[in-house]
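Trainee: I am attaching a structure below and will ask some questions about it afterwards.
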Amino acid sequence: MNIKTFLENTALPKLEARMLVQEITGYTRAQLITRDEACLSESQSSRLRGLEARRLAGEPMAYILGWREFYGRRFKVTPATLIPRPETEHLVEAASAKLPQGGAVWDLGTGSGAIAVTVALERPDAQVCASDISREALAVAQENARLLGAQVAFGCGSWFEAQCLSEKIGFDLIVSNPPYIEAGDAHLGEGDLRFEPQTALTDFSDGLSCIRILAEGAGARLKPQGWLMVEHGYDQGAAARRIFEQNGLAQVHTLQDLAGLDRITLGRKA
1 MNIKTFLENT ALPKLEARML VQEITGYTRA QLITRDEACL SESQSSRLRG
51 LEARRLAGEP MAYILGWREF YGRRFKVTPA TLIPRPETEH LVEAASAKLP
101 QGGAVWDLGT GSGAIAVTVA LERPDAQVCA SDISREALAV AQENARLLGA
151 QVAFGCGSWF EAQCLSEKIG FDLIVSNPPY IEAGDAHLGE GDLRFEPQTA
201 LTDFSDGLSC IRILAEGAGA RLKPQGWLMV EHGYDQGAAA RRIFEQNGLA
251 QVHTLQDLAG LDRITLGRKA
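Letter 238 of the sequence shown, counting from 1, is numbered 238 in UniProt numbering, and no numbers are missing.
Set out below in structure tokens:
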């Protein structure tokens, strides 16, 4: 079987099909165009059909390929981690903007490490800490930091129970993309979400319990004038602001994503 035959006959969208062929052959996009008559070896054909079957069964491309691009960089992902999404890049941008020179930031529930590693690379002056309750996810985050050359201190544990950077220093910024999908939400059974770790998607409650934990515990770990910022669902902005204000945070406001939907809520320690 040659490449052109596969691309013309697969039931996959053409972009995904080309990505799988590139994964098998190592070709660039340009090479794929100029070498589409090239024949695949028996082992390549077998592997390609296997990847095609996985995708047709609904498995996310990121897990099939083993990586997803985030903020212009490739991040390793596995079924132990959420797949980084473009919306979360807004959290990185907000963090970089609020972080003072030489400041300290803690990314709680780091998953693949996309937030912490990106902040560390964009702001090499900063002290960056990242933690997760999942040792499997933490191993992926550590590997991403190593591969991308980011200086990040890692800790394992549930939320503020994790030991990371010495808490004596205090943090200028605490960030998180916590589980915020409400239990029973139909989206959990659709698309890529079916394959992602449920404990990283939903709090198995009203979708706000983790945000409450973060807002309640942030004050004791933030420096004066330090910021807490969390990503949340498009319809949770008002609830997140209320939770922040109930826990004594000031200058509370919500940032929208490129679609104009509520996405990131920030609050400052008084």
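Ideal Cβ placement from N, Cα and C applies to all residues, glycine included. Small disclaimer: the values here were computed from a predicted structure and weren't measured.
Pull up the distance between the alpha-carbon of arginine 221 and that of histidine 90, whole angstroms please.
Mentor: Distance between the alpha carbons of arginine 221 and histidine 90 is about 23 Å.
Trainee: For histidine 253, which of helix, strand or coil comes out of DSSP?
Mentor: Three-state DSSP puts histidine 253 in a strand.
Trainee: Please report the distance separating the alpha-carbon of glycine 184 from that of alanine 200.
Mentor: Cα-Cα distance, rounded: 15 Å.
Trainee: Among the residues of its own chain, which have a CB less than 7 Å from the CB of isoleucine 213, if the five just before and after it don't count?
Mentor: Excluding residues within five positions, the ones whose Cβ falls inside 7 Å are Trp159.
Trainee: Could you tell me which whole alpha helix (DSSP H) segments of length 4 or greater appear in the UniProt domain "Methyltransferase small" (89 to 185)?
Mentor: Qualifying alpha helix (DSSP H) stretches, in chain order: 89 to 98, 114 to 122, 135 to 148.
Trainee: Given 8 Å as the limit, is there contact between the segment 104 to 120 and the segment 75 to 94, that is, 3 or more CB pairs closer than that?
Mentor: Yes: the two stretches touch, three or more of their Cβ pairs being nearer than 8 Å.
Trainee: Please report the straight-line C-alpha distance between leucine 228 and glutamate 59, rounded to a whole angstrom.
Mentor: Their Cα atoms are separated by approximately 34 Å.
Trainee: Just reading off the alpha helix (DSSP H) that glutamine 236 is part of, what are its end residues?
Mentor: Taken as a continuous stretch (DSSP letters only), glutamine 236 belongs to no alpha helix (DSSP H), as it is neither H nor E.
Trainee: Mind checking proline 179: buried by the 16 CB within 10 Å criterion, or exposed?
Mentor: With 16 or more Cβ atoms within 10 Å of its Cβ, proline 179 is classed as buried.
Trainee: With which residues is asparagine 2 paired in a DSSP beta bridge?
Mentor: Answer is Cys39.
Trainee: Is isoleucine 24 helix, strand or coil when you go by DSSP?
Mentor: Helix.
Trainee: Alpha carbon to alpha carbon, how far is glutamine 225 from arginine 18? Give it in angstroms, no decimals.
Mentor: Answer to the nearest angstrom: the Cα atoms are 49 Å apart.
Trainee: Just the C-alpha distance for glycine 219 and threonine 265, rounded to the nearest angstrom, thanks.
Mentor: Rounded to the nearest angstrom, the two C-alpha atoms are 15 Å apart.
Trainee: By alpha-carbon positions, which one of Val105, Glu93, Val252, Lys76 ends up nearest to leucine 138?
Mentor: Considering only alpha carbons, the answer is Lys76.
Trainee: Quick one: Cα of arginine 194 to Cα of leucine 188, how far?
Mentor: Approximately 6 Å between the Cα atoms of the pair.
Trainee: Residues bridged to arginine 268 by DSSP?
Mentor: Answer by DSSP bridge pairing, in chain order: Trp227, Ala250.
Trainee: Decide yes or no for the touch test of the segment 48 to 64 against the segment 95 to 111: beta carbon pairs closer than 8 Å, at least 3 of them.
Mentor: The segment 48 to 64 vs the segment 95 to 111: no contact.
Trainee: Going by other Cβ atoms of all chains shown within 10 Å of its Cβ, with 16 needed for buried, is threonine 5 buried or exposed?
Mentor: Threonine 5 comes out exposed.
Trainee: Report the option in Gly50, Cys39, Ser43, Arg55 whose CA atom is closest to the CA atom of lysine 14.
Mentor: Of Gly50, Cys39, Ser43, Arg55, the residue nearest in Cα terms is Arg55.
Trainee: Quick check for students: name the residue ranges of the beta strand (DSSP E) that lie wholly in the segment 53 to 88, counting only runs of 3 or more.
Mentor: Listed in chain order, the complete beta strand (DSSP E) runs (minimum 3 residues) inside the segment 53 to 88 are 67 to 70, 73 to 76.
Trainee: Cα-Cα, which of Asp262, Asp257, Asn247 is closest to lysine 269?
Mentor: The option with the nearest alpha carbon to lysine 269 is Asn247.
Trainee: Just how far apart, CA to CA, sit glutamate 245 and threonine 25?
Mentor: The alpha-carbon atoms of glutamate 245 and threonine 25 are separated by roughly 54 Å.
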